[in-house]
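Enquirer: Next up is a structure, given as structure tokens.
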Amino acid sequence: MHASAAAPMRRCAMNMLWNTQVENTCVVFRQWHIGNIGEFIASFIAILLLGLLFEYLRVAQVKMEKRIAARMVKERGVEHAPGTESPGEEALLLARASRMGVARVPMYSRVVRALLYASSTALSAFLMLVFMTYNAYLILAVVIGAGLGHFIFEANIDPEAILFGVNTKGAVCH
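So the sequence shown is numbered by the UniProt record's numbering: it starts at 1 and just counts up by one.
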């Protein structure tokens, strides 16, 4: 194909070093080509939202695990933990978890868990590829998105889990 003189070919710059290039940057795919400042701003916002979504998925996984565990404990006939007034999720989990041992997760819950995990893993790999553009602005978008996501979705902590080494969150890809 021949490009006309009026329409220059758009090329993707493949930088292997830290850069701040805005135009002619491709993000992961050749089709995601940033050609001007407007496309760059839209891409920055999209990547920021993907970072935010990643943090949401991490929290959703933990909540799903807690719901499944609480349901499994309840199905085993545990009314409530000693010294508590209600059969709350946390009380159920803390009081009876060690007595329950390993239990098989129901098929529907396994499918949902697997889908959440696969989505989280795919998104983390995609965000890693964004990092591999070595573009400082796009890296900043990932970091800001993850930071905002953590701020929004991780407003609460479980001090006992942290103090006793049950915290599962890490700073790796997935």
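We treat Cβ as the ideally placed atom computed from N, Cα and C, and that holds for glycine.
1) Kindly give me the distance between the Cβ atoms of Ile37 and Val27, rounded to whole angstroms, as I take these residues to be in contact under 8 Å.
2) Whole angstroms are fine: how far does the CA of Tyr137 sit from the CA of Thr20?
3) Which residues in the same chain have their Cβ closer than 7 Å to the Cβ of Leu148, if we skip the five residues on either side of it in sequence?
4) Tell me the DSSP secondary structure of Thr121 in three-state form.
5) So Met64 and Val105 are in contact, right, with Cβ under 8 Å, and what is the actual spacing, rounded?
6) Do the region 10-17 and the region 38-45 make contact, defined as three or more Cβ pairs closer than 8 Å?
7) Where does residue 176 sit, in a helix, a strand or coil, going by DSSP?
8) May I have the straight-line CA-CA distance separating Leu48 from Arg76, to the nearest angstrom?
9) Between Gly51 and chain B, is there a C-beta pair that is closer than 9 Å?
10) Using the C-alpha atoms, what's the distance from Ile162 back to Asn156?
11) Considering Val142, what are the terminal residues of the alpha helix (DSSP H) in which it resides?
12) What three-state label does DSSP hand Ile34 in the structure shown?
Expert: So, to answer that:
1) Counting from 1 along the sequence shown, the entry for residue 37 is found at position 37. Counting from 1 along the sequence shown, the entry for residue 27 is found at position 27. At roughly 15 Å, the Cβ-Cβ gap does not stay under 8 Å, so Ile37 and Val27 are not in contact.
2) For the purposes of this step, residue 20 is identified with residue 20 of the sequence shown, where counting begins at 1. For the purposes of this step, residue 137 is identified with residue 137 of the sequence shown, where counting begins at 1. When rounded, the distance between both Cα atoms is 6 Å.
3) If you number the sequence shown from 1, residue 148 lands on position 148. Around Leu148: Leu52.
4) By 1-based counting over the sequence shown, the position of residue 121 is 121. Note: Thr121 maps to helix in three-state DSSP.
5) Residue numbering aside, residue 64 sits at position 64 when the sequence shown is read from its first letter. Residue numbering aside, residue 105 sits at position 105 when the sequence shown is read from its first letter. No, Met64 and Val105 are not in contact; Cβ-Cβ is about 11 Å, not under 8 Å.
6) no
7) Outside the displayed span of the chain (1 to 174) sits residue 176, for which this structure offers no information.
8) What you label residue 48 is simply residue 48 of the sequence shown in a count that begins at 1. What you label residue 76 is simply residue 76 of the sequence shown in a count that begins at 1. C-alpha separation (whole angstroms): 43 Å.
9) Protein chain content of the structure displayed is limited to a single chain, and chain B is not contained in it.
10) As a first step, residue 156 is located in the sequence shown; it is residue number 156 there, counting from the start. As a first step, residue 162 is located in the sequence shown; it is residue number 162 there, counting from the start. Near 12 Å, if we compare the C-alpha coordinates of Ile162 and Asn156.
11) Numbered from 1 along the sequence shown, position 142 holds the residue referred to as residue 142. Going by DSSP, Val142 is part of the alpha helix (DSSP H) stretching over 136-153.
12) Mapped onto the sequence shown, residue 34 falls at position 34. Looking at Ile34 - three-state DSSP - the assignment turns out to be strand.
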